[in-house]
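J.: Encoded as structure tokens, here's the structure I'll be asking about.
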Amino acid sequence: MKLLVMGPPGAGKGSQSRKLVKEFNLTNISTGEMFRQSYERGENLGIEAMKFIDNGNLVSDEITNEIVRKRLFEEGKEEDFLLDGYPRTVAQAKALDGMLNEMNAKLDAVINIVVDKENILERMVGRRVCRKCGYTYHTKFKPSHQEGVCDKCGGELYQRVDDQLESVRNRLKIYEEKTRPIIDYYKGRGVLLNINGMQSFEAVYRDIKKALRDIT
Ligand code: ADP
Ligand code: AMP
Numbered sequence: 007m008k009l010l011v012m013g014p015p016g017a018g019k020g021s022q023s024r025k026l027v028k029e030f031n032l033t034n035i036s037t038g039e040m041f042r043q044s045y046e047r048g049e050n051l052g053i054e055a056m057k058f059i060d061n062g063n064l065v066s067d068e069i070t071n072e073i074v075r076k077r078l079f080e081e082g083k084e085e086d087f088l089l090d091g092y093p094r095t096v097a098q099a100k101a102l103d104g105m106l107n108e109m110n111a112k113l114d115a116v117i118n119i120v121v122d123k124e125n126i127l128e129r130m131v132g133r134r135v136c137r138k139c140g141y142t143y144h145t146k147f148k149p150s151h152q153e154g155v156c157d158k159c160g161g162e163l164y165q166r167v168d169d170q171l172e173s174v175r176n177r178l179k180i181y182e183e184k185t186r187p188i189i190d191y192y193k194g195r196g197v198l199l200n201i202n203g204m205q206s207f208e209a210v211y212r213d214i215k216k217a218l219r220d221i222t
């Protein structure tokens, strides 16, 4: 199965993707996570990307398409995968179409998680991420057992610079301008699944699975 998970920043893409890849045995390809890990490893790519990310801006299409291409074609061909946070622009969606054509493949579903602005702000400002394994928590909705410490690996939890209010505002603006138009791009193809993200983690996941069952 080839899935794409989209939605505004903080919609719950990462949280739901984590469950989907485990249950359906998919390779998780999160461009945001790839940039953050590259930064933690001290690589030039990550350091350059973080200059855009911290302010809430998008990394260039050229760089982003290239890391996805590498992941899909060079690091072992993936039969089943889930893309989280890519594409984020129409140009990226077109580049992805090109890659899928080369693979003679198509997307089975585009899961669009719908969340309103108030929920987004609360979710993003309370998000905490493990510096070591990338696992995501929320101070109110999903706290770790011990404050500041990852339940999974004992790593340090931190607040992403781009989850601070000013950056969040910029990200939401960019989402509206650059990313929302992709919904129309996929709408005509009969693969778009709109999911209500303003429910518990479990209810959102249940609805995603139901929608996937209905189309397969
Ligand atoms: P995205 O990958 O779309 O940016 P995340 O999955 O990282 O979003 O979720 C953003 C924040 O909101 C995280 O702190 C996460 O724990 C929290 N969150 C995600 N889904 C829900 C939900 N259904 N209810 C409450 N909090 C949620
Ligand atoms: P995320 O982890 O999905 O919230 O992504 C964090 C940040 O990484 C985004 O705000 C962008 O700055 C950058 N990023 C992630 N994916 C992309 C993409 N597909 N195109 C451009 N920038 C991206």
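Numbering-wise (our numbering), the sequence shown opens with residue 7 and increments by one. The beta carbon of each residue, even a glycine, is placed where N, CA and C say it ideally should be.
1) What distance in whole Å lies between the Cβ atoms of Ile201 and Ile271, which are believed to be in contact at a cut-off of 8 Å?
2) Do you know how far the Cα of Ile35 is from the Cα of Arg77?
3) Is DSSP giving Arg133 helix, strand or coil here?
4) Starting from Val11, trace the beta strand (DSSP E) in both directions and tell me its first and last residue.
5) Alpha carbon to alpha carbon, what distance is there between Glu124 and Asp169?
6) Can you find the residues in the same chain that come closer than 7 Å, C-beta to C-beta, to Leu127, ignoring five residues on each side of it along the sequence?
7) Among Thr70, Gly62, Asn110, Gly52, which has the Cα closest to the Cα of Ile180?
8) Would Asp240 and Leu32 be called neighbours here (beta carbons separated by less than 9 Å)?
9) Return yes when at least one heavy atom of the ligand ADP lies under 8 Å from the C-beta of Gly62, else no.
10) Taking all protein chains shown into account, do 16 or more other C-beta atoms lie within 10 angstroms of the C-beta of Phe30, making it buried, or fewer, making it exposed?
11) Quick one: Cα of Arg137 to Cα of Pro14, how far?
12) In the region 162-217, which residue ranges form an unbroken alpha helix (DSSP H) of at least 4 residues, counting only runs that do not cross its ends?
13) With a threshold of 8 Å, establish whether the CB of Ala17 neighbours any heavy atom of the ligand ADP.
14) What are the partner residues of Lys148, as DSSP defines its beta bridges?
15) Mind checking whether Leu51 and Phe58 have CB atoms under 9 Å apart?
16) With respect to 8 Å, is the separation between the Cβ of Ile188 and the closest non-hydrogen atom of the ligand ADP below this value?
17) Compare the C-alpha of Gly5 against each of Ile117, Glu172, Gly132 and name the closest.
18) At a cut-off of 8 Å, would you count Phe41 as near the ligand AMP, judging by its Cβ distance to the nearest heavy atom?
19) With distances taken from CA atoms, which of Leu89, Met56, Glu108, Val135 is nearest Asp114?
T.: So, to answer that:
1) Outside the displayed range of the chain (7 to 222) lies residue 271, so it cannot be described from this structure.
2) So the two alpha carbons sit approximately 8 Å from each other.
3) Reduced to three states, the DSSP call for Arg133 is strand.
4) Note, Val11: beta strand (DSSP E), 8-12.
5) One C-alpha to the other measures close to 14 Å.
6) Correct list, in chain order: Val174.
7) Of Thr70, Gly62, Asn110, Gly52, the residue nearest in Cα terms is Gly62.
8) It is not possible to answer for residue 240, since the shown part of the chain is limited to 7 through 222.
9) No, the beta carbon of Gly62 sits no closer than 8 Å to any heavy atom of the ligand ADP.
10) Taking all protein chains in view, the Cβ of Phe30 is surrounded by fewer than 16 other Cβ atoms within 10 Å, so the residue is classified as exposed.
11) Distance between the alpha carbons of Arg137 and Pro14 is about 23 Å.
12) DSSP runs (the alpha helix (DSSP H)) wholly in the region 162-217: 171-180, 187-193.
13) Relative to the non-hydrogen atoms of the ligand ADP, the Cβ of Ala17 comes within a distance shorter than 8 Å of at least one.
14) For Lys148, which the question treats as bridged, DSSP gives the partners His144.
15) Their beta carbons are not under 9 Å apart, which means Leu51 does not touch Phe58 by this criterion.
16) For Ile188, the shortest separation between its Cβ and any heavy atom of the ligand ADP does not lie below 8 Å.
17) Outside the modelled stretch of the chain, which goes from 7 to 222, sits residue 5, for which no answer is possible.
18) For the ligand AMP, at least one heavy atom lies less than 8 Å from the Cβ of Phe41.
19) Selected option, being the one with the closest Cα: Leu89.
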